[in-house]
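Peer 1: Take the sequence shown: its position 115, counting from 1, is numbered 121 in the numbering used here, and each next residue is one higher. A virtual CB, placed ideally from N, CA and C, is assigned to each residue, including glycine. Since the model is a prediction, treat every value here as computed from it, not as a measurement. Below is the structure I would like to discuss, written out as structure tokens.
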Amino acid sequence: MTDAHFDKLVRLQDSDETVAEREDDIRGRRVFDKDHQPLGEIDALLLDEKENKIRFLEVASGGFLGLGEAKSFIPIDAITKITQDEVHISQSAEHIAGAPTYDPELVNQKEFYENTYGYYGVMPFWSPGYSLPTYPGEDPLAGKWYR
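Structure follows, in structure tokens:
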């Protein structure tokens, strides 16, 4: 994949796109690690504008009224289950805490994508044979929230 394919990520709410059905929107759901430890809440879905696909969850944790909040950027491919109220991730809280950080003004997009997908041990979207994930879970709408 060329560098031209690594556009800045855009929060879904800051784009012209939206989730087709309100019940498919996972923003605001609680996020848990592989050991069912709480990680925070999905604050935003990050969109790859070039391909018009959701690539990452922005998970907010800690803080009070938005102050001191930590943000984690987790590839959607690390999701193992989606329910009506929860999203489960394949990694531990400790592992997620050490993930590459994202600041569109400070990071090289190509390096961020490569480092983050590698860190989480998931196939990058530009790999041959890649397809958007579907999720097992209790939610009959699971997997429909992304494009």
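Roughly how many angstroms separate the alpha carbons of residue 136 and residue 129, rounded to a whole number?
Peer 2: Computed Cα separation, rounded: 7 Å.
Peer 1: Can at least three beta-carbon pairs, one atom from the segment 109-118 and one from the segment 80-87, be found at a separation below 8 Å?
Peer 2: Judged by Cβ distances under 8 Å, the segment 109-118 makes no contact with the segment 80-87, as fewer than three pairs qualify.
Peer 1: Are residue 65 and residue 52 closer than 7 Å when you measure CB to CB?
Peer 2: The answer is no: Cβ separation not under 7 Å.
Peer 1: Using the rule of at least 16 other Cβ atoms within 10 Å of the residue's Cβ for burial, across every protein chain shown, is residue 50 buried or exposed?
Peer 2: Residue 50 comes out buried.
Peer 1: Counting only runs of 4+ residues fully inside the segment 62-106, write out the alpha helix (DSSP H) ranges in chain order.
Peer 2: Counting only runs of 4 or more, we get 99-103.
Peer 1: Determine the closest residue to residue 32 out of 78, 118, 93, 22, with distance taken between C-alpha atoms.
Peer 2: Measuring from the Cα of residue 32, the nearest candidate turns out to be 93.
Peer 1: For the beta strand (DSSP E) that residue 46 lies in, which residues bound it at each end?
Peer 2: Residue 46 -> beta strand (DSSP E) spans 44-54.
Peer 1: Output the boundary residues of the alpha helix (DSSP H) element that contains residue 118.
Peer 2: Where residue 118 is concerned, the enclosing alpha helix (DSSP H) stretches over 115-126.
Peer 1: Is it buried or exposed for residue 138, if we count other Cβ within 10 angstroms and need 16 for buried?
Peer 2: Exposed.
Peer 1: Which same chain residues, not among the five before or five after residue 106, have their C-beta less than 7 Å away from its C-beta?
Peer 2: Closer than 7 Å at the Cβ level, and outside the excluded window around residue 106, lie 118, 121, 122, 125.
Peer 1: Between which two residues does the beta strand (DSSP E) containing residue 15 stretch?
Peer 2: Per DSSP, residue 15 belongs to the beta strand (DSSP E) from 15-17.
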